[in-house]
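First comes the structure, then the notes that go with it.
Number of protein chains: 2
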Amino acid sequence: MPLTTSFLQPLLAATAAESVNLAEAGPLILAAVLLSLVVIYFASKVGGEICARINFPPVLGELVGGVVVGISVLHLLVFSEGGPTEPSVLTTFIQQTAGMDGTVASVVANTASEVISVLSEIGVMILLFEIGLESDLEGLLKVGPQAAVVAVVGVVAPFVAGTFGLVTLFHVDLVPAIFAGAALTATSIGITAKVLAEIQRLTSPEGQIIIGAAVLDDILGIIVLAVVASLAKTGTVEISNVIYLIISSVVFLVGSVVVGRLLSPFFLGMVDRLTTRGNLLIPSLIFAFVLGYVAVILQLEAILGAFTAGLVLGETEKRRELEEQILPIADMLVPVFFVCVGARTDISVLNPLEPANRAGLIIASFLVLVAIVGKVVTGATVFGQPRINRWAIGIGMVPRGEVGLIFAAVGSASGVLSKALDAGIIVMVIVTTFVAPPLLRLVFKPETEALPTSDVAVESPPEG
Amino acid sequence: MPLTTSFLQPLLAATAAESVNLAEAGPLILAAVLLSLVVIYFASKVGGEICARINFPPVLGELVGGVVVGISVLHLLVFSEGGPTEPSVLTTFIQQTAGMDGTVASVVANTASEVISVLSEIGVMILLFEIGLESDLEGLLKVGPQAAVVAVVGVVAPFVAGTFGLVTLFHVDLVPAIFAGAALTATSIGITAKVLAEIQRLTSPEGQIIIGAAVLDDILGIIVLAVVASLAKTGTVEISNVIYLIISSVVFLVGSVVVGRLLSPFFLGMVDRLTTRGNLLIPSLIFAFVLGYVAVILQLEAILGAFTAGLVLGETEKRRELEEQILPIADMLVPVFFVCVGARTDISVLNPLEPANRAGLIIASFLVLVAIVGKVVTGATVFGQPRINRWAIGIGMVPRGEVGLIFAAVGSASGVLSKALDAGIIVMVIVTTFVAPPLLRLVFKPETEALPTSDVAVESPPEG
Numbered sequence: 090m091p092l093t094t095s096f097l098q099p100l101l102a103a104t105a106a107e108s109v110n111l112a113e114a115g116p117l118i119l120a121a122v123l124l125s126l127v128v129i130y131f132a133s134k135v136g137g138e139i140c141a142r143i144n145f146p147p148v149l150g151e152l153v154g155g156v157v158v159g160i161s162v163l164h165l166l167v168f169s170e171g172g173p174t175e176p177s178v179l180t181t182f183i184q185q186t187a188g189m190d191g192t193v194a195s196v197v198a199n200t201a202s203e204v205i206s207v208l209s210e211i212g213v214m215i216l217l218f219e220i221g222l223e224s225d226l227e228g229l230l231k232v233g234p235q236a237a238v239v240a241v242v243g244v245v246a247p248f249v250a251g252t253f254g255l256v257t258l259f260h261v262d263l264v265p266a267i268f269a270g271a272a273l274t275a276t277s278i279g280i281t282a283k284v285l286a287e288i289q290r291l292t293s294p295e296g297q298i299i300i301g302a303a304v305l306d307d308i309l310g311i312i313v314l315a316v317v318a319s320l321a322k323t324g325t326v327e328i329s330n331v332i333y334l335i336i337s338s339v340v341f342l343v344g345s346v347v348v349g350r351l352l353s354p355f356f357l358g359m360v361d362r363l364t365t366r367g368n369l370l371i372p373s374l375i376f377a378f379v380l381g382y383v384a385v386i387l388q389l390e391a392i393l394g395a396f397t398a399g400l401v402l403g404e405t406e407k408r409r410e411l412e413e414q415i416l417p418i419a420d421m422l423v424p425v426f427f428v429c430v431g432a433r434t435d436i437s438v439l440n441p442l443e444p445a446n447r448a449g450l451i452i453a454s455f456l457v458l459v460a461i462v463g464k465v466v467t468g469a470t471v472f473g474q475p476r477i478n479r480w481a482i483g484i485g486m487v488p489r490g491e492v493g494l495i496f497a498a499v500g501s502a503s504g505v506l507s508k509a510l511d512a513g514i515i516v517m518v519i520v521t522t523f524v525a526p527p528l529l530r531l532v533f534k535p536e537t538e539a540l541p542t543s544d545v546a547v548e549s550p551p552e553g
Numbered sequence: 090m091p092l093t094t095s096f097l098q099p100l101l102a103a104t105a106a107e108s109v110n111l112a113e114a115g116p117l118i119l120a121a122v123l124l125s126l127v128v129i130y131f132a133s134k135v136g137g138e139i140c141a142r143i144n145f146p147p148v149l150g151e152l153v154g155g156v157v158v159g160i161s162v163l164h165l166l167v168f169s170e171g172g173p174t175e176p177s178v179l180t181t182f183i184q185q186t187a188g189m190d191g192t193v194a195s196v197v198a199n200t201a202s203e204v205i206s207v208l209s210e211i212g213v214m215i216l217l218f219e220i221g222l223e224s225d226l227e228g229l230l231k232v233g234p235q236a237a238v239v240a241v242v243g244v245v246a247p248f249v250a251g252t253f254g255l256v257t258l259f260h261v262d263l264v265p266a267i268f269a270g271a272a273l274t275a276t277s278i279g280i281t282a283k284v285l286a287e288i289q290r291l292t293s294p295e296g297q298i299i300i301g302a303a304v305l306d307d308i309l310g311i312i313v314l315a316v317v318a319s320l321a322k323t324g325t326v327e328i329s330n331v332i333y334l335i336i337s338s339v340v341f342l343v344g345s346v347v348v349g350r351l352l353s354p355f356f357l358g359m360v361d362r363l364t365t366r367g368n369l370l371i372p373s374l375i376f377a378f379v380l381g382y383v384a385v386i387l388q389l390e391a392i393l394g395a396f397t398a399g400l401v402l403g404e405t406e407k408r409r410e411l412e413e414q415i416l417p418i419a420d421m422l423v424p425v426f427f428v429c430v431g432a433r434t435d436i437s438v439l440n441p442l443e444p445a446n447r448a449g450l451i452i453a454s455f456l457v458l459v460a461i462v463g464k465v466v467t468g469a470t471v472f473g474q475p476r477i478n479r480w481a482i483g484i485g486m487v488p489r490g491e492v493g494l495i496f497a498a499v500g501s502a503s504g505v506l507s508k509a510l511d512a513g514i515i516v517m518v519i520v521t522t523f524v525a526p527p528l529l530r531l532v533f534k535p536e537t538e539a540l541p542t543s544d545v546a547v548e549s550p551p552e553g
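Here the protein sequences line up with chains A and B, keeping their order. So the first sequence is residues 90 to 553, counted in our numbering. So the second sequence is residues 90 to 553, counted in our numbering.
And the structure:
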């Protein structure tokens, strides 16, 4: 195509592929998705099983498995994220086995990677729905004040310490310092909740405070991100947008729980009258997906909607039955999320032999320190609970996970961050994400053996 | 964008959307997928429940529900299928609620519809995997000769009668007549299998013959499609391609069953050693998806791979456990397939008030007649089974479903079909697909009440 500029080529390939009829193009996209899922499942199982054997949380293994198959090592699973990328090893493989030409292959690969992205997002929604089902709304409300303090301190402490330290110690300009400080405020509810479920501490008082605080942090994170993104873009903060986000998140959370509880007798009555397969599952998924949609439209996150739906349905008598049905669905979709988080993480910034990384690594050490200390201190703020495991709460707030990656992506896109600072943020996200699961398991360890909890999510026991 | 031609606009919008960072574009695609799933689930439950109440097969309701939300009526769920389309009602709704501009909205909608397409294809794979699990390999092999005769007669009879009738009665040219005749040969394994499972006759002798014949028909259909597509394109038949397809499908089916049975002790041993969640499900899905991928690469269909994987795993001691875990996953994904088949079907060609449709409807009446009679006669060919329900077998082969739609799509794309013939094929697909489920239920009815089968798939019983 000599008449078109190079950036148009994949797009023209898209028309070419679209004009190919359904019977020809569809199967190739499906084939690419199937192969990606095989790679994801393989990575999640190998990583998870190795971690389980050395007494680490399986979810850590899924993340590491994702890193191995992703952008950092094997390039089997690569997401374009907007920029032009090298074709992944998987694309090349599909292209050769299916005998496609290069442009069609790249369209197929891009579409397949979009599908995998959405599957991973549905996966984390299913995870949060499951966590919501297993959480206890009364218990969450009871620890609400403590969770709120933990959440707020966990945002303010690392933000202030990070921004101040970058400006005074590293002479970073104020706007990028604020941005980096903001990236320190995130908490990955997915990773913490998964670890808590794995060690069966989700419904412990510590678990409930962590989940409550992580949910609030998710909202605070969205607000902080909106503020700093507008600061980075325009140099000013749109107060009206901040107020909108605060009001909409409060209205959404309170509203969906209240309305959900009001409607749940109607819901149960309807479920009982349905006679076809999926009579409980499908209405529940409709509820979760509607709330997820509303959350996205309000510029919140879909996982908040899924979590709230789970919370409301967890209050009903159908809870156990629904938990059983969600289990295999979660087993199928949740690993997609964790492997994708790992696959998206570029660990090449961790290589100290690369001279360009060194400035970033020095800043990173500082950010990691602030990130961990700034969240661990939140454990000390829990009041009125003398026997609570404060270390567990503090450490439960540490992983930045996928939320941190979003901050890093927005930071890269905005252009306010220097290369060193950008790398430093990514390193901070990696270290906090990978260090928290084993630490969390460690601080919960003594109690786990002494005190079996009663009302917790039970892992599907492997048979035989 | 005044400088670009209009067909490039959605593509340029694609770059615009892709350059938007992950945190902004990703959620909108997710939101569109979530809303589409809500529409799909709603349609499937409303349709399915109504059909269950008037004693029709629920799957018919899912198809009709799909028609209602699809291209024919409400335009909520529209697939682009290569050509430029009107924005769906859903796209407009998302655009307004999320405040996107039109071009971004169309990119988001296209991506979401690709995701839904892939989900529906994974849905039918899960259905065939479930059917394979519940089928009995020994039983299938035992009725193999009968199934082979049914399959071959069910391809030859409607093909010869259809082609001959079109040439002699309607004076259609030979190539388009052969194409339309070929479209008559398809059998929708998905729809028949689903109805058989719903009435719990999947493992009856009739059910096994139908499934065996439908699987063989799927392969014959692929070969026939390859032949007529090449005939339509080049006017000649590539014998080498036909031989390749025959050999590859035989090698694939026999090979995957033989290799699968050889490897299954190793598979079970590995499953028993896994300790993390999904220890049985994930390796099983890897198996099904790998076989699905191989099938696509061999130019066969992914559902054949999934079916074979289910068949092999159904022979192992893990069958029951796996069936239980697949059930909710099937409940979640299978309706996506049936609703999408309905949504893709344009029933406007059925409107006799539209003068342009009349020629098509006359041809269609002939095609429907041949389509039904040509398959029903196959019941008479079953030998060595004196007490078999021959009507049930014949009717079980009638629905063309998604396979017929693919023939119609390839026919449209090839350009050899006249508008009337094209419409006639679509009407034939619609009528056979929608008529077969209630008929199948009817002919099985007397026995269902008299003779409860023992070893069949049990519907998840609605509680309360």
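Glycine included, every Cβ here is placed at the ideal spot set by N, Cα and C. Because the structure is a prediction, the values reported are computed rather than measured.
According to DSSP, simplified to helix, strand and coil, what is glutamine 235 (chain B)? If DSSP states are grouped into helix, strand and coil, glutamine 235 (chain B) belongs with the helices.
For serine 338 (chain B), the three-state DSSP class (helix, strand or coil): Note: serine 338 (chain B) maps to helix in three-state DSSP.
Could you give the distance in angstroms between the alpha-carbon of isoleucine 267 (chain A) and the alpha-carbon of leucine 217 (chain A)? Taking the straight line joining both Cα atoms gives about 30 Å.
Distance CB(alanine 498 (chain B))-CB(methionine 214 (chain B)) smaller than 8 Å: Cβ distance not < 8 Å, so alanine 498 (chain B) and methionine 214 (chain B) don't count as in contact.
I need the straight-line Cα distance from valine 423 (chain A) to serine 373 (chain A), nearest angstrom please. Roughly 18 Å between the two C-alpha positions.
How is methionine 486 (chain A) classed by DSSP in three states: helix, strand or coil? Methionine 486 (chain A) falls in the coil class under three-state DSSP.
With distances taken between CB atoms, is the gap from valine 261 (chain A) to leucine 510 (chain A) smaller than 8 Å? Result yes, Cβ atoms of valine 261 (chain A) and leucine 510 (chain A) sit closer than 8 Å.
To be precise: take each residue of the region 366-377 of chain A, compare its Cβ to all Cβ atoms of chain B, and keep it if any distance is under 8 Å. Which residues remain? Going along the region 366-377 of chain A in chain order, one finds Arg366, Gly367, Asn368, Leu369, Leu370, Ile371, Pro372, Leu374 and Ile375 with a Cβ nearer than 8 Å to chain B.
Nearest to valine 466 (chain B) (by Cα), restricted to the options B:Leu380, B:Leu320, B:Val135 and B:Val245: In terms of Cα proximity to valine 466 (chain B), the closest of B:Leu380, B:Leu320, B:Val135 and B:Val245 is B:Val245.
For isoleucine 418 (chain B), return the contacting residues in chain A, with the cut-off set at a CB-CB distance below 7 Å. When 7 Å is used as the limit between beta carbons, isoleucine 418 (chain B) is near these residues of chain A: Pro417, Ile418 and Met421, in chain order.
Report yes if the C-beta distance between alanine 132 (chain A) and valine 167 (chain A) is below 8 Å; otherwise report no. Not closer than 8 Å, so no.
Using only the heavy atoms of the ligand PLP, determine whether one of them is closer than 7 Å to the beta carbon of valine 249 (chain A). Only the bare structure without any ligand can be found here, which leaves the ligand PLP out of the picture.
For the alpha helix (DSSP H) containing glutamine 414 (chain B), name the first residue and the last one. Following the DSSP letters along the chain, one finds glutamine 414 (chain B) inside the alpha helix (DSSP H) bounded by residues 408-433.
For alanine 318 (chain B) and glycine 188 (chain B), the rounded distance between their alpha carbons: Rounded to whole angstroms, glycine 188 (chain B) and alanine 318 (chain B) show a C-alpha spacing of 44 Å.
Neighbourhood of valine 459 (chain B) by C-beta distance below 8 Å, restricted to the same chain and skipping five residues each side: Listed in chain order, the non-local C-beta contacts of valine 459 (chain B) below 8 Å within the same chain comprise Pro247, Ala250, Gly251, Gly254 and Leu273, local neighbours out to five positions each way being set aside.
Of all Cβ atoms in chain B, is any one closer than 8 Å to the Cβ of isoleucine 515 (chain A)? So, not an interface residue.
Would you verify that the beta carbon of glycine 279 (chain A) is, or is not, closer than 8 Å to some beta carbon of chain B? For glycine 279 (chain A), no CB of chain B lies under 8 Å from its own CB, so it is not counted at the interface with that chain.
Quick one: any contact between the region 228-244 of chain A and the region 291-308 of chain A, if contact means 3 or more CB pairs under 8 Å? Look at the beta carbons and you see the region 228-244 of chain A touching the region 291-308 of chain A: at least three pairs across the two are nearer than 8 Å.
Can you tell me where the alpha helix (DSSP H) holding alanine 201 (chain A) begins and where it ends? Run containing alanine 201 (chain A): 191-223, per the alpha helix (DSSP H) assignment.
Residue environment, glycine 358 (chain B), which counts as buried when at least 16 other CB atoms sit within 10 Å: With fewer than 16 Cβ atoms within 10 Å of its Cβ, glycine 358 (chain B) is classed as exposed.
Cβ contact (3+ pairs, closer than 8 Å) linking the region 382-397 of chain A and the region 216-235 of chain A: Yes, the region 382-397 of chain A is in contact with the region 216-235 of chain A.
On the three-state DSSP scale, how would you describe isoleucine 495 (chain A)? DSSP places isoleucine 495 (chain A) in the helix class (H, G or I) of the three-state scheme.
Residue range of the alpha helix (DSSP H) that includes leucine 149 (chain B): That run of the alpha helix (DSSP H) goes 147-158.
Do the region 116-130 of chain A and the region 179-195 of chain A meet, that is, are 3 or more Cβ pairs less than 8 Å apart? Yes, since at least three Cβ pairs between the region 116-130 of chain A and the region 179-195 of chain A fall closer than 8 Å, the two stretches touch.
Run down chain A in chain order and give the residues with a C-beta less than 9 Å from the C-beta of serine 195 (chain B). Result: empty, since nearest Cβ-Cβ is about 13 Å, beyond 9 Å.
Which chain B residues are close to phenylalanine 131 (chain A), counting only those with a beta carbon under 8 Å from its beta carbon? When 8 Å is used as the limit between beta carbons, phenylalanine 131 (chain A) is near these residues of chain B: Ile375, in chain order.
Could you give the distance in angstroms between the alpha-carbon of phenylalanine 533 (chain B) and the alpha-carbon of threonine 434 (chain B)? When rounded, the distance between both Cα atoms is 28 Å.
Distance cutoff 8 Å, beta carbons only. Does alanine 141 (chain B) sit that close to anything in chain A? Residue contact with chain A for alanine 141 (chain B): present (Cβ-Cβ distance below 8 Å to some residue of chain A).
Using the beta-carbon count (16 or more within 10 Å), is proline 265 (chain B) buried or exposed? Looking at its Cβ environment, which holds 16 or more other Cβ atoms inside 10 Å, proline 265 (chain B) is buried.
Assuming contact is defined by CB atoms lying nearer than 8 Å, are isoleucine 386 (chain A) and threonine 200 (chain B) in contact in what I supplied? With respect to the 8 Å criterion, isoleucine 386 (chain A) and threonine 200 (chain B) are not classified as neighbours on the basis of their beta carbons.
Cβ atoms of isoleucine 311 (chain A) and leucine 389 (chain A): under 8 Å apart, would you say? Yes.
Threonine 365 (chain B) by DSSP, collapsed to three states: which one? Under the three-state reduction of DSSP output, threonine 365 (chain B) falls in the coil class, being neither helix nor strand.
Closest to threonine 292 (chain B) by C-alpha separation, out of B:Arg366, B:Ala469 and B:Glu227, would be which residue? Minimum Cα distance to threonine 292 (chain B) is reached at B:Glu227.
Tell me which same chain residues have a C-beta within less than 7 Å of the C-beta of glycine 490 (chain A), skipping the five on either side of it? Excluding residues within five positions, the ones whose Cβ falls inside 7 Å are Ser277, Gly279, Ile280, Val430 and Thr522.
Hey, does glycine 399 (chain A) have any beta-carbon neighbour from chain B nearer than 8 Å? Interface criterion not met: the Cβ of glycine 399 (chain A) is under 8 Å from no Cβ in chain B.
Using 8 Å as the threshold, is the C-beta distance between glutamate 210 (chain B) and alanine 391 (chain B) below it? Their beta carbons are under 8 Å apart, which means glutamate 210 (chain B) touches alanine 391 (chain B) by this criterion.
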